[in-house]
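Peer 1: One structure is given below, represented as C-alpha cells, and several questions about it will come after.
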Amino acid sequence: MSRDGYGSAVTLPGDPPGGRRAALVWGVGVAVYFVAVIFRTSLGVAGLDAADRFDVNASALSTFSILQLLVYAGMQIPVGLMVDRLGTKKVLTIGVVLFTVGQLAFALAPSYGMALAARALLGCGDAMTFISVLRLGTRWFPARRGPLIAQVAALFGMAGNLVSTIVIAPALHGMGWTTTFVGSSIAGVVVLVLLLLFLKDHPEGHEPPSAPRAGAVFVRRQITESWREPGTRLGMWVHFTTQFPAMVFLLLWGLPFLVEDQGLSRGVAGELLTLVVLSNMAVGLAYGQIIARHHAARAPLALATVAATALLWAATLAYPGDRAPLWLLITLCAVLGACGPASMIGFDFARPANPPERQGTASGIVNMGGFTASMTTLLAVGVLLDATGDNYRIAFSSVFVLEALGIVQILRLKSRTTRREKERLVASRVETVHVPA
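Here the sequence shown is numbered in this note's numbering, starting from 10 and rising by one per residue.
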C-alpha cells in the first residue's frame, strides 16, 4: 500500500515485497553509485593541485568539471532509455567499466587535453549509475518506500563525497597525484565484481513487461510521453533549482573560495566541505521521512531550501569587509547540505506521474535539470573570476540568476501537477472499486 498526498491508502497490486534480499541487491547498486561519486567529486578536493599540475587558469580548471557534467547531463535521457530497454545490471556494468577507466586515465594523463578526455569518460560512466539505482529501488521495494529509498541512495552518494574530502584530499598531499588516483580506481574493480556476482534486475515473480523493440518510435514515444506529464517537468525544475548551489561548491569552487577568498587554511576549508556532506546526510533522512508521510510537503520543502540557500549566499557575499565571519560560513555550509536532499524531491514528482516502463526515461529528464544548472554555474563562476580578477562576490552572484529562473518554473508547474495527481488518484480509486473480488 502507498499513501497519497491526502493521507489516503492506495493499493498498488504487484508491489515488490522488499525485505532482506532486496536490501542486499539494492546495496550492491548503491555501492556502485558510492564509488562513482567518489570519482566524480575527487576533483573538488584536487582543484588547486590540478591547476598546478596542468598549469591552467580558473576558466580552464572549471572546464574539467563542466565537461564532466556536460557529458553527464547529455547522457541522462539516453541512459534512461537504456535502463528501460536493457535493465539495470547491463547499464550499471557498462557504467562501472567506463568510470573506472576514466579515473585511471585521469591519474596517468600527461597533459591537460588527455586529462579532459579522461574526465569526459568518467562522466559518461557516472551518468549510468544513479538512474539505474533509482530503477533498482522501484523494482525491489514497495512504492510507499520510494521517497525514503531514493533519499538513502543519495545519502550513500554523499558518503562518497565525504570519502573524497577525508581520504582523497590527505592522500594527495601524502602520496601524490598518480598514486592517489590510481589507488582509488581499484574501488571500481571491486564494485564491478560485486555487481557481476550478486546484482539482479528484479525479484522472482516481478518481471517487468517485455520491452518493445528498440528504435526511433520507441525512443520518441518514451521521451514524448514522459515530458508530457507536468510532474516530470516540475521534477526537472525542482532538481535544476535545488541541486546546483551545493554541487558547484563541492565539485570545484568551494575549496578555492574558502582558501583564496576567505583566507582559511586547507584544513579548515576541508572541514567545512565535510560539514556540507554531513548536513546533506542528516537532512536527507529527515526529508525522506517527511515526504514518505506527507506528499503535500514536497513543494514547500523544495522552495524553502531554495530560499534559505539564497539568503545565506546573499548574507555571505554582501557581508561588510573582505571576509565573512567563520560562524556565517559554517551556517552557509550547513544550509548547502540541504540542497542535495531537496533535489531528490524532483524524482518524487516524476515517479507517480509515469508508469514503471517509463521510470528510467522520466528520471533521466529530471536528473538532467540539476546537472545542467551545475554545469552552467561552474562555467559562469570560472569566466567571471577570470574577467574580474578573482572577485568571488561577483562570480558567485550567478547563483541567484538560476535560482530565480527555477522558482518561476516551479510555481508555474506546481498547480498543473497537483491537478494531474488528483485526476490520477480518482481514476485509481474508480479502477479499484470495479476490480472483481
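Backbone N, C-alpha and C define an ideal beta-carbon position, used for all residues, glycine too.
Of all the beta strand (DSSP E) runs that stay within the bounds of the segment 66-122, which reach a length of 3 or more residues?
Peer 2: none
Peer 1: Helix, strand or coil for T441? Go by DSSP, reduced to three states.
Peer 2: Low per-residue confidence applies at T441: pLDDT is 48, beneath 50, and the placement is therefore not dependable enough to give any value.
Peer 1: In the structure shown, what three-state DSSP assignment does M184 receive?
Peer 2: The answer is helix: DSSP assigns M184 an H, G or I state.
Peer 1: Taking the C-alpha atoms as reference points, what is the distance between S173 and L394?
Peer 2: Answer to the nearest angstrom: the Cα atoms are 25 Å apart.
Peer 1: Helix, strand or coil: which one does DSSP assign to L393?
Peer 2: helix
Peer 1: Is the beta carbon of L52 sitting closer than 8 Å to the one on T109?
Peer 2: no
Peer 1: List the endpoints of the continuous alpha helix (DSSP H) containing L261.
Peer 2: Looking at the DSSP string, L261 is not in any alpha helix (DSSP H), and its letter there is neither H nor E.
Peer 1: I need the boundaries of the alpha helix (DSSP H) containing V46, first residue and last residue.
Peer 2: Unbroken alpha helix (DSSP H) run through V46: 29-50.
Peer 1: Excluding five sequence neighbours on each side, which residues of the same chain lie with their C-beta closer than 6 Å to the C-beta of Y401?
Peer 2: F266, D270
Peer 1: So A324 and L312 are in contact, right, with Cβ under 8 Å, and what is the actual spacing, rounded?
Peer 2: Actually they do not touch by this definition, with Cβ atoms about 19 Å apart.
Peer 1: For G349 and A255, I'd like the C-alpha separation in whole angstroms.
Peer 2: 7 Å
Peer 1: Quick check: the segment 148-158 against the segment 25-34, are at least 3 beta-carbon pairs closer than 8 Å?
Peer 2: Cβ pair count under 8 Å is three or more, so yes.
Peer 1: Work out the CA separation of L287 and L164 for me, nearest whole Å.
Peer 2: Distance between the alpha carbons of L164 and L287 is about 9 Å.
Peer 1: Decide if A316 is buried, meaning its Cβ has at least 16 other Cβ atoms within 10 Å, or exposed.
Peer 2: exposed
Peer 1: If you draw a straight line from the alpha carbon of W262 to that of L387, how long is it in whole angstroms?
Peer 2: CA-to-CA, the gap between W262 and L387 works out to about 8 Å.
Peer 1: Expressed to the nearest angstrom, what Euclidean distance is found between the alpha-carbon atoms of V198 and K99?
Peer 2: 16 Å
Peer 1: Could you spell out the range, first to last residue, of the alpha helix (DSSP H) harbouring I140?
Peer 2: From DSSP, the alpha helix (DSSP H) with I140 extends over 139-149.
Peer 1: Short of 6 Å in beta carbon distance, which residues of its chain neighbour A114, apart from the five on each side in sequence? Order them along the chain.
Peer 2: A127
Peer 1: Taking only three categories from DSSP, how would you classify N170?
Peer 2: Shown here, N170 sits in a helix according to DSSP, grouped into three states.
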